[in-house]
Amino acid sequence: MNKDLKKDSWKAYWDTGATESCLGGQGGYSGIIKETWLAFFESFEDTSMSLLDVATGSGAIANIALEARKNCKAETKILGIDASSITSDRKTTDNVSFELRGDSPVESFQFEENEFNVITSQYGIEYSDWSKAIARISNLLASAGRGLFVCHTQNSFVKQRVQLQLNQAKEIKQSKIFNLAQDFVKVILRGTSDIKSHKAFDNADRRLRSAFTKLNKKLESDNDNILLAETLKALDMFLAQMNKFGPKVTLERLENAEQALQFNIIRLKDFLDSILSDESQKALIECLKNNQLEIVSIKELEQNAHNVGTAIEFKKVV
Numbered sequence: 001m002n003k004d005l006k007k008d009s010w011k012a013y014w015d016t017g018a019t020e021s022c023l024g025g026q027g028g029y030s031g032i033i034k035e036t037w038l039a040f041f042e043s044f045e046d047t048s049m050s051l052l053d054v055a056t057g058s059g060a061i062a063n064i065a066l067e068a069r070k071n072c073k074a075e076t077k078i079l080g081i082d083a084s085s086i087t088s089d090r091k092t093t094d095n096v097s098f099e100l101r102g103d104s105p106v107e108s109f110q111f112e113e114n115e116f117n118v119i120t121s122q123y124g125i126e127y128s129d130w131s132k133a134i135a136r137i138s139n140l141l142a143s144a145g146r147g148l149f150v151c152h153t154q155n156s157f158v159k160q161r162v163q164l165q166l167n168q169a170k171e172i173k174q175s176k177i178f179n180l181a182q183d184f185v186k187v188i189l190r191g192t193s194d195i196k197s198h199k200a201f202d203n204a205d206r207r208l209r210s211a212f213t214k215l216n217k218k219l220e221s222d223n224d225n226i227l228l229a230e231t232l233k234a235l236d237m238f239l240a241q242m243n244k245f246g247p248k249v250t251l252e253r254l255e256n257a258e259q260a261l262q263f264n265i266i267r268l269k270d271f272l273d274s275i276l277s278d279e280s281q282k283a284l285i286e287c288l289k290n291n292q293l294e295i296v297s298i299k300e301l302e303q304n305a306h307n308v309g310t311a312i313e314f315k316k317v318v
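For the sequence shown, my numbering assigns the number 1 to the initial residue and increments by one for each residue that follows.
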């Protein structure tokens with residue numbers, strides 16, 4: 001898959017305000033995932049922390065670290081980096097510095113060696129080139145420094161949900177509903193001043209209505225198809241507001257929505273391609289060991305009887 005398209009698709013996703021890398025949630029991680037991270041960060045007690053959060057996205061884990069350290073008087077430095085062009089963020093208090101930095105893939109991230117005593121990644125290290133990323137992480141992590149990766153695995157409930165979303169997005173694309181809506185608006189832009197143009201309008205209108213009917217029937221039989229419901233709602237709104245905004249603006253809105261759907265498909269495919277199989281998880285663990293990173297623990301995380309990932313804790317040994 002084209003790297004630039006993947007990067008653009010993730011940027012578009014984070015620009016929506018999403019705080020989770022999987023299903024678009026905007027409230028931040030909760031449940032066992034948040035509990036795992038809070039316990040990890042709180043284990044540092046009142047010692048100084050210099051944290052690098054890899055593939056930080058919108059900074060969900062960096063912000064959990066900030067929350068865990070809110071009553072800590074020791075110095076706290078938090079830097080979140082991501083390969084996509086995330087929105088930068090900086091805040092500083094007397095003993096805390098916090099920064100999110102985009103266009104910073106960990107494989108080539110330039111910083112002082114041994115600078116961080118904590119390195120983390122939530123659903124992120126899977127997307128990297130391990131041989132380069134983990135070698136770089138080992139160089140950046142101080143002696144006796146600790147790290148934690150939470151990774152997607154094949155039996156993850158999240159994988160099932162993402163696959164469902166991808167199937168729904170593909171169905172919408174295959175319906176050509178966006179193309180039909182754009183064709184309808186283009187006919188209006190050309191005008192309906194003669195019999196030929198009136199026929200073109202009627203044909204475009206009929207095809208669009210037929211597509212809406214089919215998708216609405218699909219929605220009635222699949223009430224879990226949230227993406228389809230949101231898409232039909234948005235299309236209805238765009239067309240209903242055409243008198244207010246005009247055909248040109250409506251066409252632009254439709255084109256942007258279609259591109260957002262395509263970006264969503266690219267992002268979801270990238271997600272599924274990056275999930276760890278049992279074999280690749282073993283390879284990741286071996287890669288850690290081969291780069292002076294000793295495994296402390298490996299835990300399956302479960303929430304509501306569903307697997308939501310694997311937590312791999314490690315420390316640097318010399």
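Positions of the beta carbon are idealized from the N, C-alpha and C atoms, including for glycine. As the structure is a computational prediction, the values presented were derived from the model and not from experiment.
Here the alpha carbon of Asp94 sits roughly 21 Å from the alpha carbon of Ile61.
A direct Cα-Cα distance of roughly 23 Å separates Asn264 from Ser221. Within the segment 108-185, the complete alpha helix (DSSP H) segments at least 4 residues long are 130-140, 157-175, listed from N- to C-terminus.
Contact between Leu276 and His152 holds, since their C-beta atoms are separated by about 6 Å, short of 8 Å. Going by beta carbons, Ala229 and Leu239 fall outside the 9 Å limit. By the C-beta criterion, the segment 94-108 is judged to be in contact with the segment 61-81, since at least 3 inter-stretch pairs fall below 8 Å.
In this structure, Leu52 sits away from Phe149, with a CB-CB distance that is not shorter than 9 Å. Here the segment 253-260 lies against the segment 172-192, with 3 or more beta-carbon pairs under 8 Å apart. By the Cβ test, the segment 267-276 is in contact with the segment 125-139, since at least three Cβ pairs between them sit closer than 8 Å. Checking the DSSP bridge columns, you'll see Met49 partnered with Thr76. When the five nearest sequence neighbours on each side are left out, the beta carbons in the same chain lying within less than 8 Å of the beta carbon of Ser131 are those of Cys287, in order along the chain.
Under DSSP, Ala311 forms a beta bridge with Val150, Lys299. For Lys91, the uninterrupted beta strand (DSSP E) run begins and ends at 89-92, by DSSP.
Taking the Cα of Lys73 as reference, the smallest distance to any Cα among Thr56, Glu42, Gly191 is reached at Glu42. For Arg207, the three-state secondary structure derived from DSSP is helix. DSSP places Arg253 in the helix class (H, G or I) of the three-state scheme. Rounded to whole angstroms, Leu164 and His306 show a C-alpha spacing of 16 Å. The beta carbon of Phe109 sits closer than 7 Å to those of Ile81, Arg136, all from its chain and outside the five residues before and after it, given in chain order. The three-state reading of DSSP puts Lys282 in helix, counting H, G and I together.
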